[in-house]
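Read the structure below first, then the notes.
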Amino acid sequence: MKPIANLLDASLARDVLYFLPLGGSGEIGMNFNLYGLNDQWIAVDVGITFADDTTPPGIEIITPDPSALKQLGDRLIAIIITHAHEDHVGALGYLWPKLRAPVYCTGFTASVAERKLGEAGLLDQVALHRVHPGDRRAFGPFWVEWISLTHSIPESHALCIEAAGLRVVHTGDWKLDPHPVEGVHYDDRRLMALGETGVDVVIGDSTNATVEGWSGSEAECHRGLLDVIAKETNRVCVTCFSSNTARLASLGRIAQETGRRITILGRSLFQYVATAKANGYLRDFPELVPPEDLDYLPKSEQLILATGSQGEARAAMARLARGEHHSLVLEADDCVVFSSKVIPGNEKKLFRLYDLLSAKRVHVVTEADALVHVSGHPCRDELAWMYRALQPTTVIPVHGEGRHMTAHAELARGLGCTALTVQNGDLVSLSGTTPTIKAKIASGRLGLSGSSLVPLSDRALSERRALALGGVVSVTVILDKKSRLVGRAQIELMGVPSGELGVDALKSELAFAVEEIIAELSSRVLQSDDAIRETIQRELGHSIHQWMGVRPRQLVQVIRI
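Heads up: the sequence shown begins at 164 in the numbering used here, then just goes up one per residue.
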């Protein structure tokens, strides 16, 4: 395999179609994929993922690192968004200044993209083009066609990309829902027509490749939610993905069927409901009850829709569980329904929420208890249907962790396709007899710290994690002209547990240790403030670890008078 350097330049082979995933392969979320031919590239999706327990403190949103594109210059000619989920469009406002290419998507997705760009102050800078299902457009050497699929959000599309004599179907997120609650049906005729005329490569969703059967219909989920909510006699609170417009449509109808009124808690839910209505969806969604009017509404008539289905600490559901929401207090015998799947990595956060709610004697219902959620991603039988329809020569699994993509590849091989598993940064040649990985390109992650994107490998973030784990010890020593200690060393502790000693006793012990360290320093070392600092940090750090079992950061200040 070729080295990283000097790959995304003119040395790339002419008339060869390349595929380069920089996010979403080997993980669920943060989708960012590139297709290149003769020095021109298109990007498919620009998504985010969210922090988990391994992320440095203060980082909640994570984007792909597009640094590999610096060598492309203005050769990125288009950004194409398959649908409006955060892991496909959420990074647009953060990364567009680094990408600077026109954006193409259908109407509903464009409305969400406009909001992202507007929040970033970029709306007047970005050429945002609306396309329609079935459109076929040229981008330099690429022809791209939008093919309607069903998913948990309106207007999810596969892309048929034709270039260099090849036909590639990039599926985006999809499922085969025979009874979609919102939006159009999947275009099975067009998919089968493509298969009849030849598909070379499918690059597709692996999320449920380990799950047998079919994902289930939103119509079935409607019935399951209705069964649960109709039995409850007190307040019902449902949390789901804000962008799941089909689920919101079902809940609107269930409110009418059960004589309940809807109140929304959470900004993103308001935004998606407004966006859906502006694009012709949720037409029958009932009028909302403002949160401040809940006291006038009997609990048996309340249906609360709350953000935070993945346990996000600042979302409405987490604040309700902690008893910290300013508009509502959950009470015993209320019911909370988690109408969503647990995304890998969020288990601990959600289990903590379940425990907090159960401690309030709130009835908690999850997908393990009732049919209150169906996935928006294809299970194994749906994948098999797709490959029988498209008849691809090769399948390249993306959008999944390693186990998902491995299962996807094995399924494809069992259906007579060749399969290639990739990771973020694998530069794949799609031309030739069989797609092959030609090189490894630098890829990474950026974390949003305040308003700045910072590489997660940045030293400052590593230090932030260390501070969170061990705290800080501040040491101030004052030396006279002969480098003798004046008074006691001044010790301050921040986030350092004092244990059985107590804070004052620990400070005294540390001050005594610093005095001993200085007393043992040679005259040469005492002439250098840097040498004094390094020695105190090393020796005192060793002592603290022996005493307390932690390794706090040490800030040592040397003052000479």
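Every residue gets a Cβ at the ideal spot worked out from N, C-alpha and C, and that includes glycine.
Remember, predicted model here, so these are calculated numbers, not experimental data.
Would you mind sorting residue i into buried or exposed? The rule is 16 or more other CB atoms within 10 Å of its CB.
i	result
residue 417	buried
residue 597	exposed
residue 446	exposed
residue 169	Caution applies to residue 169, whose pLDDT of 48 falls short of 50 and renders its modelled position unreliable; the value that the coordinates give is listed next. Per the 10 Å Cβ criterion, exposed.
residue 459	exposed
residue 338	buried
residue 715	buried
residue 473	buried
residue 423	buried
residue 685	exposed
residue 666	exposed
residue 484	buried
residue 211	buried
residue 229	buried
residue 693	exposed
residue 687	exposed
residue 165	Reliability of the predicted coordinates at residue 165 is poor, the pLDDT of 49 falling under 50, and the value obtained from them is presented with this limitation in mind. With fewer than 16 other Cβ atoms within 10 Å, it is exposed.
residue 725	Past the boundaries of the shown model lies residue 725; the chain is included only from 164 to 724, so the question cannot be answered.
residue 602	buried
residue 615	exposed
residue 244	buried
residue 173	For residue 173, the pLDDT reaches just 44, beneath the cut-off of 50, and the residue's location in the model is therefore unreliable, although a value from the coordinates is still provided. Residue 173 comes out exposed.
residue 705	exposed
residue 364	buried
residue 497	buried
residue 448	buried
residue 191	buried
residue 189	buried
Compare the beta carbon distance of residue i and residue j with 8 Å and say whether it is the shorter of the two.
i	j	result
residue 600	residue 366	no
residue 281	residue 442	no
residue 425	residue 451	yes
residue 677	residue 699	yes
residue 619	residue 611	no
residue 216	residue 504	no
residue 187	residue 708	no
residue 377	residue 545	yes
residue 727	residue 656	Absent from the structure is residue 727, since the part of the chain shown begins at 164 and ends at 724.
residue 495	residue 479	no
residue 384	residue 534	yes
residue 762	residue 204	This structure does not reach residue 762, given that the chain is present from 164 up to 724, and the question cannot be answered.
residue 330	residue 361	yes
residue 636	residue 720	no
residue 316	residue 350	no
residue 206	residue 242	yes
residue 397	residue 502	no
residue 308	residue 246	no
residue 491	residue 454	yes
On the DSSP bridge assignment, give the partners of residue i in chain order.
i	result
residue 342	Paired residue(s): none; residue 342 is not in a bridge.
residue 431	Looking at the DSSP assignment, residue 431 forms no beta bridge with any residue, so it has no partner.
residue 657	635
residue 333	322 and 366
residue 608	227
residue 311	320
residue 459	Answer is none; residue 459 lacks a bridge partner.
residue 640	721
residue 589	603
residue 244	DSSP output for residue 244 lists no bridge partner at all.
residue 206	197 and 242
residue 267	243 and 292
residue 400	467 and 499
residue 190	563
residue 558	365 and 582
Quick test of your reading: residue i and residue j, contact by CB under 8 Å. State the CB separation rounded to the nearest angstrom.
i	j	result
residue 413	residue 388	6 Å
residue 181	residue 591	7 Å
residue 507	residue 368	15 Å between Cβ atoms; not a contact.
residue 262	residue 232	7 Å
residue 537	residue 380	7 Å
residue 552	residue 355	5 Å
residue 185	residue 606	5 Å
residue 298	residue 251	About 18 Å separates the two Cβ atoms, so there is no contact after all.
Q | Stretch pair the stretch 511-525 + the stretch 353-372: three plus CB contacts closer than 8 Å | A | The stretch 511-525, when compared against the stretch 353-372, does not touch it at the 8 Å Cβ threshold.
Q: Determine contact between the stretch 254-264 and the stretch 274-283, defined as no fewer than three beta-carbon pairs at a distance below 8 Å.
A: Touching, yes, given that three or more Cβ pairs across the two stretches are closer than 8 Å.
Q: Indicate whether the contact test is met: 3 or more Cβ pairs, each with one atom in the stretch 390-407 and one in the stretch 583-594, closer than 8 Å.
A: Taking 8 Å as the limit for Cβ pairs, the verdict is that the stretch 583-594 does not touch the stretch 390-407.
Q: Would you check if there are 3 or more beta carbon pairs closer than 8 Å linking the stretch 555-572 to the stretch 340-353?
A: No, they do not touch.
Q: Kindly confirm or deny that the stretch 681-694 and the stretch 635-653 touch, where touching means at least three C-beta pairs closer than 8 Å.
A: With a cut-off of 8 Å, the stretch 635-653 and the stretch 681-694 count as touching, because enough Cβ pairs lie within range.
**Q.** Cβ contact (3+ pairs, closer than 8 Å) linking the stretch 281-292 and the stretch 315-335
**A.** Contact annotation: the stretch 281-292 does not touch the stretch 315-335, with fewer than three C-beta pairs closer than 8 Å.
Q: Give a yes or no on contact between the stretch 574-582 and the stretch 398-414, applying the rule of three or more CB pairs nearer than 8 Å.
A: No, the stretch 574-582 is not in contact with the stretch 398-414.
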